[in-house]
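Quick notes on the structure that follows.
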Amino acid sequence: MAVLQGQGNTGDDAYGGGPHKEPGLRRQLANRHIQLIAIGGAIGTGLFMGSGKTISLAGPSVILVYMIIGFFLFFVMRAMGEVLLSNSSYKSFSDFAGDLLGPWAGFFTGWTYWFCWVVTGIADVVAIAGYVRFWWPGIDLWIPALICIAVLLVLNLPTVRAFGETEFWFALIKVIAIGALIVTGLVMVITGFTGDGGTPASLANLWNDGGFFPTGPMGFVAGFQIAVFAFVGIELVGTTAAEAKDPERTLPRAVNSIPVRILLFYVGALLVICAVTPWRQVSPDESPFVAMFTLAGLGIAASVVNFVVLTSATSSANSGIYSTSRMVYGLAGDGDAPALFARLSRRRVPANALLFSCAFLLIGVVLLYAQSIVEAFTVVTTISSLCFMFVWTMIMASYLVYRKRRPHLHAASTFKMPGGIPMVWAVLAFFVFIVWALTQESDTLQALLLTPIWFVVLALAYLVVRRTPHHAALREQHRQKVLAETDALG
Numbered sequence: 031m032a033v034l035q036g037q038g039n040t041g042d043d044a045y046g047g048g049p050h051k052e053p054g055l056r057r058q059l060a061n062r063h064i065q066l067i068a069i070g071g072a073i074g075t076g077l078f079m080g081s082g083k084t085i086s087l088a089g090p091s092v093i094l095v096y097m098i099i100g101f102f103l104f105f106v107m108r109a110m111g112e113v114l115l116s117n118s119s120y121k122s123f124s125d126f127a128g129d130l131l132g133p134w135a136g137f138f139t140g141w142t143y144w145f146c147w148v149v150t151g152i153a154d155v156v157a158i159a160g161y162v163r164f165w166w167p168g169i170d171l172w173i174p175a176l177i178c179i180a181v182l183l184v185l186n187l188p189t190v191r192a193f194g195e196t197e198f199w200f201a202l203i204k205v206i207a208i209g210a211l212i213v214t215g216l217v218m219v220i221t222g223f224t225g226d227g228g229t230p231a232s233l234a235n236l237w238n239d240g241g242f243f244p245t246g247p248m249g250f251v252a253g254f255q256i257a258v259f260a261f262v263g264i265e266l267v268g269t270t271a272a273e274a275k276d277p278e279r280t281l282p283r284a285v286n287s288i289p290v291r292i293l294l295f296y297v298g299a300l301l302v303i304c305a306v307t308p309w310r311q312v313s314p315d316e317s318p319f320v321a322m323f324t325l326a327g328l329g330i331a332a333s334v335v336n337f338v339v340l341t342s343a344t345s346s347a348n349s350g351i352y353s354t355s356r357m358v359y360g361l362a363g364d365g366d367a368p369a370l371f372a373r374l375s376r377r378r379v380p381a382n383a384l385l386f387s388c389a390f391l392l393i394g395v396v397l398l399y400a401q402s403i404v405e406a407f408t409v410v411t412t413i414s415s416l417c418f419m420f421v422w423t424m425i426m427a428s429y430l431v432y433r434k435r436r437p438h439l440h441a442a443s444t445f446k447m448p449g450g451i452p453m454v455w456a457v458l459a460f461f462v463f464i465v466w467a468l469t470q471e472s473d474t475l476q477a478l479l480l481t482p483i484w485f486v487v488l489a490l491a492y493l494v495v496r497r498t499p500h501h502a503a504l505r506e507q508h509r510q511k512v513l514a515e516t517d518a519l520g
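Just so you know, the sequence shown maps onto residues 31 to 520 in the numbering used here.
Written out as structure tokens, the structure is:
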């Protein structure tokens with residue numbers, strides 16, 4: 031297991047690039063790739079398509095909902111960054127969970143993260159097929175779905191740099207679209223634009239109709255149910271550590287810029303939407319982006335936003351293919367997945383792991399013909415959100431153990447998490463609140479009750495895996511390491 035090789039490893043050795051080891055993953059992701067991958071992870075498709083429903087539930091207070099979620103997830107990212115950079119042999123948060131909490135944690139975190147992105151990727155494939163029908167209404171849905179999977183596979187197989195370049199441009203499109211929305215909205219507010227509803231665009235629309243919390247406390251809580259899904263993937267930058275050219279410089283920059291991104295992309299966009307269109311006039315079934323550009327008299331708004339949302343969904347699926355293939359590659363190296371997934375192609379890409387993850391996206395093609403796909407979509411996204419929260423919780427639990435057992439590394443860190451241990455408990459309390467919020471609606475409650483099935487399956491799988499000699503050795507190695515660290519602390 032890479033993380034149990036000792037803390038004196040160099041970056042090359044940790045990633046298989048030392049003089050006595052087979053070359054491993056290549057560090058080909060430059061700073062611009064890491065920064066845009068982080069932006070792409072922070073801006074989900076939910077902002078483009080789901081924000082209309084969120085506004086209809088919470089009113090203008092949805093702005094506060096996104097700010098609160100972003101605030102707490104920033105500390106998750108800072109905790110992840112500090113622990114990742116404390117040991118050059120860590121390839122991802124799955125590695126440090128296995129190292130700090132035990133081999134079981136690496137198994138559960140790695141496979142749950144894989145499951146998160148496969149579920150999200152399936153939903154993305156379904157969505158992409160629907161977006162393509164906007165231009166070609168008569169096309170069979172399985173055709174764009176299969177083309178999408180094939181394109182993603184072709185983009186990821188050559189080199190990790192090909193993924194980085196693709197994600198760079200996908201994220202840039204999202205940034206430009208949101209920037210255009212904010213500028214358009216500000217112009218409409220400044221000029222006092224009046225739409226079909228007869229209400230002029232004004233910041234006063236944020237409180238004129240029922241106040242900032244027009245739907246009451248439970249309406250505000252309901253906003254969290256949908257908004258949290260918009261943030262899944264924010265931790266994606268943590269899976270690039272093994273392939274970033276200069277992780278000590280690029281990862282902190284990417285993490286520290288998260289608050290600015292949230293303020294600009296989420297808060298800025300929602301602020302102008304609610305200022306231009308009174309919240310009661312925002313349709314929950316339509317993208318507020320389309321409505322904004324249509325109000326501004328841009329006739330091609332629907333086509334432009336459809337293209338943006340299409341690229342956003344493709345970006346999400348692309349990120350999922352990348353992260354799941356690297357996670358399965360790491361799991362295979364730890365004995366938690368079949369050894370064939372640990373093999374790299376001549377271009378140092380985990381091709382077998384990539385094909386494995388892509389195969390599961392084909393489930394999306396089947397779901398295209400399910401009768402209850404609309405109802406199932408809410409359940410699928412809620413299950414994904416819950417599993418992502420499990421991963422975020424494991425990151426915070428790992429940080430607590432890291433602080434207890436390795437205080438010398440925390441003291442030497444140049445990227446310490448603000449707030450320290452008290453903030454960890456505040457974040458965990460916030461996650462408990464989110465789980466409670468998901469119990470307040472029948473569809474999200476259904477997903478909440480279904481999610482434990484995944485962890486039962488994982489537990490049964492781990493009971494089999496842990497019996498292997500490899501895992502027995504890992505557990506003993508971990509036990510000895512904990513004893514040594516405990517003795518060192520006196």
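Just so it is clear, CB atoms sit at the ideal spot from N, CA and C, and this is done for glycine as well.
Query raised in the report: Does the Cβ-Cβ distance between Phe-105 and Gly-350 come in under 8 Å?
Result: Going by C-beta atoms, Phe-105 is not nearer than 8 Å to Gly-350.
Query raised in the report: How about the segment 432-451 and the segment 107-119: do they share at least three Cβ pairs that are nearer than 8 Å?
Result: Counting Cβ pairs under 8 Å, three or more are found: they touch.
Query raised in the report: Below 8 Å, can you find three or more Cβ-Cβ pairs linking the segment 164-176 to the segment 354-366?
Result: Short answer: they don't touch.
Query - Helix, strand or coil at Thr-139 according to DSSP, with G and I counted as helix - result: Reduced to three states, the DSSP call for Thr-139 is helix.
Report task. Can you grab the Cα-Cα spacing for the pair Ile-420 / Leu-479, in whole Å? Result -> Residue identity differs from the one stated: residue 420 is Phe in this sequence, not Ile. Distance between the alpha carbons of Phe-420 and Leu-479: 15 Å.
Query - Whole runs of the alpha helix (DSSP H) within the segment 160-245, excluding any shorter than 4 residues - result: Taking only runs of at least 4 residues, the alpha helix (DSSP H) segments lying wholly in the segment 160-245 are 172-186, 190-220.
Query raised in the report: Mind checking Pro-499: buried by the 16 CB within 10 Å criterion, or exposed?
Result: Classification for Pro-499: exposed.
Query raised in the report: Going along the chain, which residues of its own chain have a beta-carbon closer than 8 Å to the beta-carbon of Leu-340, five neighbours each way excluded?
Result: Around Leu-340: Ile-158, Tyr-161, Val-162.
Query raised in the report: Straight-line CA distance for Ala-109 to Thr-354?
Result: Near 22 Å, if we compare the C-alpha coordinates of Thr-354 and Ala-109.
Query - Simplified DSSP assignment, three categories, for Gln-510 - result: Three-state result, Gln-510: helix.
Query raised in the report: Exposed or buried, His-438, counting other C-beta atoms within 10 Å across all chains shown (16 or more means buried)?
Result: Per the 10 Å Cβ criterion, exposed.
**Report entry** Reference Thr-444, options Asn-117, Pro-188, Thr-84, Ile-93, closest by Cα
**Finding:** The shortest CA-to-CA distance from Thr-444 to any of Asn-117, Pro-188, Thr-84, Ile-93 is the one to Asn-117.
Query raised in the report: If we call anything under 8 Å between Cβ atoms a contact, is Ser-91 one with Phe-250?
Result: By the CB criterion at 8 Å, Ser-91 and Phe-250 fall inside the cutoff.
Query raised in the report: Alpha carbon to alpha carbon, how far is Arg-505 from Phe-295?
Result: Computed Cα separation, rounded: 44 Å.
Query - Ranges of the alpha helix (DSSP H) found wholly within the segment 437-489, counting only runs of at least 4 - result: Listed in chain order, they are 437-442, 450-468, 472-480.
**Report entry** Inter-stretch contact (C-beta, 8 Å, three-pair minimum) for the segment 483-493 and the segment 130-146
**Finding:** Judged by Cβ distances under 8 Å, the segment 483-493 makes contact with the segment 130-146, as three or more pairs qualify.
Query raised in the report: Would the segment 234-245 and the segment 289-308 be scored as touching if the rule is three or more Cβ pairs under 8 Å?
Result: Counting C-beta pairs with one atom in each stretch, the segment 234-245 and the segment 289-308 have three or more that are closer than 8 Å, which means they touch.
Query raised in the report: Does the pairing of the segment 84-100 with the segment 248-264 give three or more beta-carbon distances under 8 Å?
Result: Because the criterion of three Cβ pairs below 8 Å is met, the segment 84-100 and the segment 248-264 touch.
Query - Length of the line joining the Cα atoms of Ser-122 and Met-357 - result: Distance between the alpha carbons of Ser-122 and Met-357 is about 8 Å.
**Report entry** Start-end ranges of the alpha helix (DSSP H) lying completely within the segment 308-372, minimum 4 residues
**Finding:** Here the runs fully enclosed are 318-325, 331-363.
Query raised in the report: Relative to the C-alpha of Gly-194, which residue among Val-379, Ala-489, Gly-89, Phe-319 is closest?
Result: Nearest option by C-alpha distance: Val-379.
Query - For Asn-382 and Leu-374, the rounded distance between their alpha carbons - result: Roughly 8 Å separates the two Cα atoms.
Query raised in the report: On the three-state DSSP scale, how would you describe Asn-382?
Result: The three-state reading of DSSP puts Asn-382 in helix, counting H, G and I together.
**Report entry** Pick from Ala-305, Ala-489, Ile-85, Gln-476 that is closest to Ile-413, judged by C-alpha positions
**Finding:** For Ile-413, the nearest C-alpha among the options comes from Gln-476.
Query raised in the report: DSSP state of Arg-291, grouped into three classes?
Result: Residue state, collapsed to three classes: helix.
Query raised in the report: How many Å lie between Phe-223 and Val-306 at the Cα?
Result: When rounded, the distance between both Cα atoms is 8 Å.
Requested in this report: Please report the Cβ distance between Val-335 and Ser-317, rounded to the nearest whole angstrom; I am assuming they are in contact, meaning their Cβ atoms lie under 8 Å.
Outcome: The pair is a contact, with the Cβ atoms about 6 Å apart (cut-off 8 Å).
Requested in this report: Let me know if Ser-402 comes out buried or exposed under the rule of 16 or more other beta-carbons within 10 Å of its beta-carbon.
Outcome: Low confidence applies to Ser-402: its pLDDT is 49, below 50, so where it sits in the model is not reliable, and the reading given next is rough at best. The residue in question, Ser-402, is exposed, as its Cβ has fewer than 16 Cβ neighbours within 10 Å.
Query raised in the report: Taking DSSP as the reference, what is the three-state secondary structure of Arg-283?
Result: Three-state DSSP puts Arg-283 in a helix.
Query raised in the report: Excluding the five sequence neighbours on either side, which residues of its own chain have a C-beta within less than 6 Å of the C-beta of Leu-384, listed in chain order?
Result: Spatial neighbours of Leu-384 in its own chain (CB-CB distance under 6 Å, excluding positions within 5 residues in sequence) are listed in chain order as Asn-186, Ser-355.
Requested in this report: Kindly provide the ranges of any alpha helix (DSSP H) runs that are 4 or more residues long and lie completely inside the segment 78-109, ordered along the chain.
Outcome: Inside the segment 78-109, DSSP marks whole alpha helix (DSSP H) runs of 4 or more residues at positions 81-88, from first to last along the chain.
Requested in this report: Using the Cα positions of Ser-232 and Ile-93, report the straight-line distance between them to the nearest angstrom.
Outcome: Roughly 16 Å separates the two Cα atoms.
Query raised in the report: With a CB to CB cut of under 8 Å and the five nearest residues on each side skipped, what residues in its chain are close to Val-338?
Result: Taking Val-338 as the centre and dropping the five residues before and after it, the same chain places the C-beta of Phe-78, Ile-203, Lys-204, Ala-207, Phe-319 closer than 8 Å to its C-beta, in chain order.
Report task. Just the C-alpha distance for Ser-472 and Leu-370, rounded to the nearest angstrom, thanks. Result -> Each residue's CA atom was taken as its position, placing Ser-472 and Leu-370 some 42 Å apart.
Query raised in the report: When the Cα of Leu-182 is compared with those of Met-424, Gly-151, Arg-377, Ala-210, which residue comes out closest?
Result: Ranking the options by Cα distance to Leu-182, first place goes to Gly-151.
Report task. Please report the residue range of the alpha helix (DSSP H) in which Gly-132 lies. Result -> Counting along the chain, Gly-132 falls outside any alpha helix (DSSP H), and DSSP gives it neither H nor E.
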